[in-house]
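Worksheet: the structure to be examined is printed underneath.
Number of protein chains: 2
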Amino acid sequence: MSPGMARGEAVLDPRLAGARQMLSRVRAVVPVMSAKGGVGKTLVAVIAALHAARRGRRTGLLDLDVTSPSAHIALGVDPGSLQPEEKNGVVPPLVAGVRFMTVAYYTWDRPTPLRGQAVDDAIREVLAVTNWGELDLLIVDTPPGLRDEALDTLEYLPDPRVVAVATPSRLARAGVERLLALLEEQGQPRYLLVNMYAGGDGLEDLAEKYGARYLGRVRLDPSVEEALGDPEKLLSTGMARDVAEAVDRLLEDLGI
Amino acid sequence: MSPGMARGEAVLDPRLAGARQMLSRVRAVVPVMSAKGGVGKTLVAVIAALHAARRGRRTGLLDLDVTSPSAHIALGVDPGSLQPEEKNGVVPPLVAGVRFMTVAYYTWDRPTPLRGQAVDDAIREVLAVTNWGELDLLIVDTPPGLRDEALDTLEYLPDPRVVAVATPSRLARAGVERLLALLEEQGQPRYLLVNMYAGGDGLEDLAEKYGARYLGRVRLDPSVEEALGDPEKLLSTGMARDVAEAVDRLLEDLGI
């Protein structure tokens, strides 16, 4: 099976119909994407989910970065000891108020080198088996970069509203632009959140150019490293205050 | 052609024999790798090449991050106006004393979403056509992550001596460990350079555990962003001073 066929096949794979069914009672699916790794995508996804749950929204968090899952580390979950219950599919355990699903439950925390088709396969499998129940919001941490596995995710999720996370580095700018352009081409609702850790301008011009709603800037905050693994501490960092404001804007915009 | 066949095919592809020929007069090939994006891999590769050239080594720099090439931005090269000469293959132009080759010469600076096999193909093609001539050192900026395209690169390059670049974030630690373990399994000579931008410990324990020579720590230096595009300025940053020390250690170790 050639990786070039993936898009064509999508409609034929019964797992994708299953995935739609599993997500049918989720009001808003929000993939967090980035054109490049190391921009804080995972931290934004984790903090956003924790904050939304504190705000009383029924919230899920799905780590689809299947070759290097790390959301569980930020949440302090030992994937070897916490295992999801099986009940009409796999029911994600509740972690700090968030329904949390990750392939790390099955790969025992080892980063997994996978060929392209195997990555796509793992993503479809996780989507097909996870029973989310009723949720207001599902945050999805996607694989970084402009590779198929990130872009295909958008086809597998119903009505995705993408939050693009970016840094203003000139080395990364062309990538951010390409991601926003792709989202615009596909007509996906899109938001931009900018991580300021390396300084630079806030990329407001790119949001404007590609019709993305600007969610704000996130400050550099070295205290986050220490707070990893402790949801309470994570929520008290400066980074979390900035992400929380962005999430409040997002919830308002989504009407949930 | 299935991506799962890539390793098996490698011996049969005449382009790879061509690549070996093109690299036969290069004394040391040094791929710069990272388990995840955003750790400063490209900056390290660019500064290392600039510094080695200043030290009088005949130096080349090859940007193999074919989906998101960015070394040309750090060097201040406009890939539309600078085009390599063709003479027994493609002769990389001299930029600030460094023979510099990138796919951006051909993609006009647009990040390119490619499927797995196409990425591998572009990498083989660049390796097969580039006539490096006689060099002391060729630094290779590789695609980030533990995907095939990064790992396969090691099979295409003769006697690679890998510099792994990492940050000490706990979110990234498992990935760094996996990369070093893979290099150890394959018996590749390996070095570790740690980018300290987010704080944390220096990962010396991982270098020890996987038999990697420790090249040092690189400090956080926001002035780098301003220096992008200006090799002279880049070399005067604090980051460059740390990278320069690491490169001097590397050159000594390689005996060049």
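If you're matching them up, the sequences are chains F and D in order. Under this note's numbering, the letters of the first sequence match residues 1 to 256, in that order. Under this note's numbering, the letters of the second sequence match residues 257 to 512, in that order. Quick reminder that beta carbons are idealized off the backbone N, C-alpha and C, glycines included. All values derive from a computational prediction rather than experimental measurement.
Compute the Euclidean distance between the alpha carbons of residue 7 (chain F) and residue 96 (chain F), then round it to the nearest angstrom.
-> Annotation note: pLDDT 47 at residue 7 (chain F) (below 50); position unreliable, coordinate value reported separately. Note on geometry: alpha-carbon atoms of residue 7 (chain F) and residue 96 (chain F) lie some 36 Å from one another.
Where does residue 5 (chain F) sit, in a helix, a strand or coil, going by DSSP?
-> With a pLDDT of 41 at residue 5 (chain F), under the threshold of 50, the predicted position of this residue should be treated as unreliable, though the coordinate-derived value follows. In the three-state reduction of the DSSP assignment, residue 5 (chain F) falls in the helix class.
Alpha-carbon to alpha-carbon, residue 162 (chain F) and residue 255 (chain F) = Residue 255 (chain F) and residue 162 (chain F): Cα-Cα distance of roughly 15 Å.
Out of curiosity, what's the CA-to-CA distance linking residue 66 (chain F) and residue 394 (chain D)?
-> Roughly 33 Å separates the two Cα atoms.
Kindly indicate if chain D contains any beta-carbon less than 8 Å away from that of residue 58 (chain F).
-> No, because no Cβ of chain D sits closer than 8 Å to the Cβ of residue 58 (chain F).
Cβ-Cβ separation, residue 43 (chain F) to residue 176 (chain F) (assumed contact under 8 Å), whole Å = Residue 176 (chain F) to residue 43 (chain F), Cβ: 18 Å. No contact.
Indicate whether at least one CB of chain F lies closer than 8 Å to the CB of residue 363 (chain D).
-> Judged by the 8 Å Cβ criterion, residue 363 (chain D) is not in contact with chain F.
Taking 8 Å as the CB-CB limit, is residue 427 (chain D) close to chain F?
-> Taking a beta-carbon distance threshold of 8 Å, residue 427 (chain D) counts as an interface residue toward chain F.
Would you call residue 120 (chain F) buried or exposed, if buried means 16 or more other Cβ atoms sit within 10 Å of its Cβ?
-> Buried.
Using the DSSP secondary-structure output, state which residues sit across from residue 470 (chain D) in a beta bridge.
-> Under DSSP, the beta-bridge partners assigned to residue 470 (chain D) are D:448.
Boundaries (first-last residue) of the alpha helix (DSSP H) holding residue 231 (chain F) | Per DSSP, the unbroken alpha helix (DSSP H) holding residue 231 (chain F) starts and ends at 231 to 235.
So, does the CB of residue 116 (chain F) fall closer than 8 Å to a CB anywhere in chain D?
-> Yes, its Cβ sits closer than 8 Å to a Cβ of chain D.
Which chain D residues are close to residue 200 (chain F), counting only those with a beta carbon under 8 Å from its beta carbon?
-> By Cβ distance, chain D contributes 481.
Would you kindly report the start and end of the unbroken alpha helix (DSSP H) that includes residue 175 (chain F)?
-> Unbroken alpha helix (DSSP H) run through residue 175 (chain F): 170 to 185.
By DSSP, does residue 460 (chain D) sit in helix, in strand, or in coil?
-> Helix, per DSSP.
Check each residue of the region 391 to 410 of chain D: if its Cβ is closer than 8 Å to any Cβ of chain F, include it; give the result in chain order.
-> Cβ contacts with chain F: 400, 401, 402, 403, 404 and 407.
Beta-carbon gap between residue 200 (chain F) and residue 293 (chain D) smaller than 8 Å | Not closer than 8 Å, so no.
Throw me the rounded Cβ distance for the residue 198 (chain D) and residue 311 (chain D) pair, which I believe falls under 8 Å.
-> There is no way to answer for residue 198 (chain D), as the model of chain D reaches only from 257 to 512.
Could you please give me the residues that DSSP links to residue 341 (chain D) through a beta bridge?
-> In the DSSP assignment, residue 341 (chain D) forms a beta bridge with D:347.
Kindly indicate which three-state DSSP category residue 42 (chain F) falls into: helix, strand or coil?
-> If DSSP states are grouped into helix, strand and coil, residue 42 (chain F) belongs with the helices.
Chain F contact for residue 259 (chain D) (CB, 8 Å cutoff) | Confidence at residue 259 (chain D) is low in this model, with a pLDDT of 39, below 50, so its placement is unreliable and no value can be given for it.
Within the 8 Å Cβ cut-off, does residue 501 (chain D) reach chain F?
-> No - not a single Cβ of chain F is within 8 Å of the one on residue 501 (chain D).
Of all the options F:41, F:226, F:33 and F:87, which has the alpha carbon lying nearest to the alpha carbon of residue 148 (chain F)?
-> Of the candidates F:41, F:226, F:33 and F:87, the one whose C-alpha sits nearest the C-alpha of residue 148 (chain F) is F:33.
Can you have a look at residue 158 (chain F) and say buried or exposed, based on whether 16 or more other CB atoms are within 10 angstroms of its CB?
-> Taking all protein chains in view, the Cβ of residue 158 (chain F) is surrounded by fewer than 16 other Cβ atoms within 10 Å, so the residue is classified as exposed.
Closer than 8 Å to chain F by CB, residue 330 (chain D) = Output row for residue 330 (chain D): interface = yes.
Report the three-state DSSP secondary structure of residue 421 (chain D) (helix, strand or coil).
-> Strand.
Select from D:470, D:332, D:272 and D:309 the residue whose C-alpha is nearest the C-alpha of residue 171 (chain F).
-> Ranked by how close their Cα comes to the Cα of residue 171 (chain F), the residues D:470, D:332, D:272 and D:309 have D:332 in first place.
Spatial distance of residue 107 (chain F) from residue 68 (chain F) (CA atoms) = Cα-Cα distance, rounded: 10 Å.
Are any of the Cβ atoms in chain D nearer than 8 Å to that of residue 67 (chain F)?
-> Yes, its Cβ sits closer than 8 Å to a Cβ of chain D.
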